[in-house]
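Chains A and B, in that order, are what the protein sequence lines are.
29 is the number that my numbering gives to position 29 of the first sequence; each next residue is one higher, with no gaps.
Counting from 1 along the second sequence, just add 348 to a position and that's the residue number in my numbering.
First the structure, in the form of structure tokens, and then the observations on it.
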Amino acid sequence: MGLFILRRLGVMLLTAVCLTFIVFWLTNLGPNLEKLAKTQGNARMSDDAVVSWLENRGYSQPLPVKYGQWLGVLPGYVIEGTDGETRARCQEPGQPVEDASSFCGILQGDWGFSTVFKDEVGSIVATRLALTGKLMFWVMMVMVPGALIIGVLAGMREGSRTDRSLSTVSIVSTATPEYVSGVVFISVFATATFGMQWFKGTATAAMDDANFENFFLPVITIALYGMGYIARMTRASMTEVMTAQYIRTARLKGVSFPKIVLKHALRNALIAPFTVIMLQFPWLLNGVVIVETLFNYKGFGWVLVQAAGNNDIELLLGVSIVSVFVVLVTQLISDIGYVFLNPRIRIS
Amino acid sequence: MEALTWTGSLGAILNPALTLLVSLLVVAMIAQFILGFFAAPMTLQSNPDGTLEARGGALGLAETGVKWLFFATLAVVVAYIIVPLVMPYGSAGIIGEMSKRFLPVWIALVVLFVVSIMYKRKLGLYGKLFDSTIGMIGFGLVMFWVFTALFVGMFDMIATHDYLSQVSGLKNKTPGVPVPEGTAGDIPHYLLGGDNLARDIFSRMVTGSVFVIAIAPLATIFAFMVGITLGLPAGFYGGKLDTFLSFVANLILAFPVILLFYLLVTPEIVLTGIPSYMAAFLFIFPLIFFGVLLNSRYYTQPAKRTAILVPVIGVLGWLYLSIINQKGTVIDFLPAWLDLFDISILVVFVSVVFVNAPTVFRIVRGLTLDLRTRDYVAAAQTRGEGAWYIMLWEILPNARGPLIVDFCLRIGYTTILLGTLGFFGLGLSSESPDWGSTINEGRKLLLIFAHPALPPAIALLSLVLGLNLLADGLREESLKD
């Protein structure tokens, strides 16, 4: 077991390094840097000016060197610019070059500086992540119990009317991407078009003070898309358990049906959905980006859109590290959790 | 010209009937659902798993009620569609006029269903689809949009106005608004109103279907070609190749899709030529697939093989070169007379294929791992067949069931991805009538004008829902064998 976790961690680390390198490479491509120079410096820079602007700020170093510096395994650059000013990567604003530390990267806890928000990437990511965490918490609170109940009810009597109607409901919910359900919900429940103006169409106010009126629509929009998938997985696992021998034995013993479902079937039926719920996190990240854009909730997904739209390299890298980390950790948890929950599987 | 109402004179009779029937249906369905847990025993019904179950009484009544109320509601809905066809212009309201515009689609659908149901026993898996209600509904929804795209794209039939022309005074106007005298167009109304640039929403919605119906299945086919060509050897050989390919697939899958889109689908990245190189890499796989497929079958008869292989590879190679060859990008070497077409949205196409291919790879790899231990594989190995023959002619045909089901689901997912791209305004021009972009345009003023964003949203929903239902029906029917 220990070896298994260790190997998974190794693969995870390798994946994280590869992914961040890909993001680093894509954001540091020539045209992107040129755009960065023009937005940061002067929109009407000549080509020579762009080149020297980039050289002075260390962007023209070879890609592996830049990546090493960003990661914190290579010492940060100290470049005497063509304009006579000496700049160092690790220089704090206002700090003399000589006092700057030689290493500053992710490993030293220095995430860099956002060019769009004019703030430390670390603090931006932390505050935005907290806001998205609040959203995700409520999404999970709605989605997981809802999906499990639908799945168990549908799966306990396979082929019954209840099963068929609930399965159709879950198909409909998987077929509704967030940008469709969000738009439909807003126009039905937040505008006067249908006379049902019950909720707020934006969630900006929910960042400080979330209540039912302004937070329900974004939460239900994300929850709905994931719910159908988890419900179908739960149903599949429940129907499988219900045909097992021990359930038949319990029936023949004369145990009542609700008792069979709750005491005998439920626990075994919930192993597979656990994995699925964990693997839903990467998908939920998509939903978060769409919903935060749609409802103007300035969380993590909104920052991703801002960073990517403005080629804010360091912020984008910070955002991608966090999202890649979330994806990989949930994969790891789902693998380990599956082994722990299911005694039939033993890692040799 | 007066503005159109939603249902016109037809609504006087049908609207109260529909309201009554729908509310009764909802009540009956809730009653049936609740009774499902506390059913009073009356008759016995045998379940597929060999158990007996009590049925009837109040529950049986509710079930019969739901059935008949559903049919009655369906009849009213069909009446909304059919009756306006014989009524003069304008008297049947917006819904009636839309139904008239879709007349060619209705005819095509009816013909298709009648013919298919007549010959369903001779049509294999496709015919079996018509045994399942869910599958038929899904197929109907999908074919509705396929026919719409066909008639709009090829015969220019359904759309009422030009999807790009703006008519002054119709900005954000509500559905059924009359257009000013002398405006070009087939009918004197904007059926679903005008958007924020005063263009006809109805025409934009039906034109948008052409984009989706053309791109989504094609991108899915390419993703399948890549996934199959790489997944078969990974599952069959295992070992280092499998470890490497699976690692790469997991790498791509660990990327949040939206981040990937934002990184790949920008004008700056197009400038660097990365999408062109990716296209050159990804689109070669169909060529490899068909080359190996035919070669592994006919290599014992060189004359026949050459006769088949040369034209196939020739045509595919030409198509391949035409696709990757784009004016003004890094790959631009073909003379213009040889270049069949220029795809302006190559980057969208490439990124959608790129995102989908790893999942297909994983599915194919899993199926191959399962199927390679079968007896017919051992038999083929004993016969001395080559590895690629076994993979492509023994394993692949036996994996077709799950792959067909996944193909339907994946077209739906691709449609969602294309919508996501449009929603974030990535890679598509803002004028583009595709559903994602139109939703994006509409959502900006959503709290003031809800009507521009709803039609494309519902259109996209119905297409994806149709594909999912179709996949569900296919899965159910293919499991019955």
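We put the beta carbon where it would ideally sit given N, CA and C, even for glycine.
These numbers come from a predicted model, not from an experiment.
Quick check on residue i: does DSSP put it in helix, strand or coil?
i, result
"residue 79/A", "strand"
"residue 389/B", "Model confidence at residue 389/B stands at a pLDDT of 48, short of 50, so the residue's coordinates are unreliable and nothing is read from them."
"residue 400/B", "strand"
"residue 531/B", "coil"
"residue 365/B", "helix"
"residue 772/B", "coil"
"residue 754/B", "helix"
"residue 120/A", "strand"
"residue 722/B", "coil"
"residue 264/A", "helix"
"residue 164/A", "helix"
"residue 790/B", "helix"
"residue 538/B", "strand"
"residue 525/B", "strand"
"residue 543/B", "coil"
"residue 335/A", "helix"
"residue 548/B", "strand"
"residue 741/B", "helix"
"residue 114/A", "strand"
"residue 733/B", "coil"
"residue 179/A", "helix"
"residue 654/B", "helix"
Considering only the alpha carbon of each residue, which of the options lies closest to residue i?
i, options, result
"residue 601/B", "354/B, 705/B and 618/B", "705/B"
"residue 505/B", "449/B, 351/B and 756/B", "449/B"
"residue 717/B", "807/B, 680/B and 586/B", "586/B"
"residue 599/B", "251/A, 177/A, 13/A and 312/A", "13/A"
"residue 274/A", "340/A, 322/A and 137/A", "340/A"
"residue 806/B", "265/A, 172/A and 212/A", "172/A"
"residue 655/B", "667/B, 666/B and 642/B", "642/B"
"residue 285/A", "268/A, 324/A and 266/A", "324/A"
"residue 617/B", "603/B, 677/B and 671/B", "677/B"
"residue 773/B", "476/B, 543/B, 456/B and 613/B", "613/B"
"residue 796/B", "822/B, 810/B and 520/B", "520/B"
"residue 72/A", "83/A, 50/A, 105/A and 80/A", "105/A"
"residue 695/B", "611/B, 653/B, 651/B and 712/B", "611/B"
In chain B, what lies closer than 8 Å to residue i by C-beta?
i, result
"residue 286/A", "604, 605, 606 and 768"
"residue 193/A", "798 and 799"
Listing by chain order, which chain A residues have their CB less than 8 Å from the CB of residue i?
i, result
"residue 802/B", "183, 184 and 187"
"residue 764/B", "177"
Give me the chain A residues within the contact set of residue i, using Cβ-Cβ distance strictly less than 7 Å, ordered along the chain.
i, result
"residue 820/B", "171"
"residue 599/B", "15, 18 and 19"
"residue 619/B", "31"
"residue 610/B", "308"
Residues of chain B with CB closer than 7 Å to the CB of residue i, please, in chain order.
i, result
"residue 356/A", "This structure cannot settle anything about residue 356/A, because the visible part of chain A is limited to 1 through 348."
"residue 190/A", "795"
"residue 32/A", "616"
"residue 243/A", "397"
"residue 35/A", "616"
"residue 282/A", "604"
Quick one: list the residues of chain A neighbouring residue i, beta-carbon separation under 9 Å, in chain order.
i, result
"residue 411/B", "161"
So which residues of chain B does residue i contact, with C-beta pairs closer than 9 Å?
i, result
"residue 290/A", "606, 768, 771 and 772"
Task: Continuous alpha helix (DSSP H) assignments of at least 4 residues falling wholly in the segment 217 to 261 of chain A - done: Complete alpha helix (DSSP H) runs here, min 4: 245 to 253.
TODO: Mind the definition here: the segment 310 to 326 of chain A touches the segment 16 to 24 of chain A only if three or more C-beta pairs lie below 8 Å; say whether that holds.
DONE: Contact between the segment 310 to 326 of chain A and the segment 16 to 24 of chain A is established, with three or more Cβ pairs separated by less than 8 Å.
TODO: Take every Cβ of the segment 54 to 64 of chain A, pair it with every Cβ of the segment 83 to 94 of chain A, and state whether three or more of those distances are shorter than 8 Å.
DONE: yes
Open item on the list: I'd like to know if the segment 487 to 496 of chain B and the segment 804 to 821 of chain B are in contact, where contact means that at least 3 CB-CB pairs between them fall below 8 Å.
Closed with: A contact is defined here as three or more CB-CB pairs under 8 Å, and the segment 487 to 496 of chain B meets this definition with respect to the segment 804 to 821 of chain B.
TODO: Please determine if the segment 228 to 238 of chain A and the segment 152 to 169 of chain A are in contact, where contact requires at least 3 C-beta pairs separated by less than 8 Å.
DONE: yes
Task: Three CB pairs or more closer than 8 Å across the segment 364 to 372 of chain B and the segment 38 to 51 of chain A - done: No: the two stretches stay apart, fewer than three of their Cβ pairs being nearer than 8 Å.
Task: beta strand (DSSP E) segments (min. 3 residues) lying fully within the segment 395 to 456 of chain B - done: 400 to 403
- [ ] Decide yes or no for the touch test of the segment 201 to 215 of chain A against the segment 289 to 303 of chain A: beta carbon pairs closer than 8 Å, at least 3 of them.
- [x] yes
- [ ] Tell me, please, whether the segment 695 to 702 of chain B touches the segment 757 to 771 of chain B by the rule of three or more beta-carbon pairs shorter than 8 Å.
- [x] Verdict: yes, contact present.
Task: the segment 183 to 192 of chain A in contact with the segment 207 to 223 of chain A per 3-pair CB rule at 8 Å - done: Two segments are said to touch when three or more pairs of C-beta atoms, one from each, lie closer than 8 Å; by this definition the segment 183 to 192 of chain A touches the segment 207 to 223 of chain A.
Task: Stretch-stretch touch, CB-based, cutoff 8 Å, three pairs: the segment 404 to 413 of chain B with the segment 433 to 445 of chain B - done: no
Open item on the list: Taking contact to mean 3 or more Cβ pairs, one atom from each stretch, closer than 8 Å, check whether the segment 519 to 532 of chain B and the segment 654 to 662 of chain B are in contact.
Closed with: No: the two stretches stay apart, fewer than three of their Cβ pairs being nearer than 8 Å.
- [ ] List in chain order: all unbroken alpha helix (DSSP H) runs of 4+ residues lying wholly within the segment 598 to 635 of chain B.
- [x] For secondary structure counted as the alpha helix (DSSP H) over 4 or more consecutive residues, the segment 598 to 635 of chain B holds these complete runs in sequence order: 605 to 612, 615 to 620 and 622 to 630.
Open item on the list: So, does the segment 174 to 187 of chain A touch the segment 251 to 259 of chain A, judging by three or more C-beta pairs under 8 Å?
Closed with: no
Open item on the list: I'd like to know if the segment 623 to 638 of chain B and the segment 568 to 580 of chain B are in contact, where contact means that at least 3 CB-CB pairs between them fall below 8 Å.
Closed with: yes
Task: 4-residue-minimum alpha helix (DSSP H) runs that sit fully inside the segment 20 to 100 of chain A, ordered along the chain - done: Listed in chain order, the complete alpha helix (DSSP H) runs (minimum 4 residues) inside the segment 20 to 100 of chain A are 30 to 40, 47 to 56 and 63 to 71.
TODO: Count the C-beta pairs between the segment 495 to 502 of chain B and the segment 557 to 567 of chain B that are closer than 8 Å, then say yes if the count reaches three, no if not.
DONE: Counting Cβ pairs under 8 Å, three or more are found: they touch.
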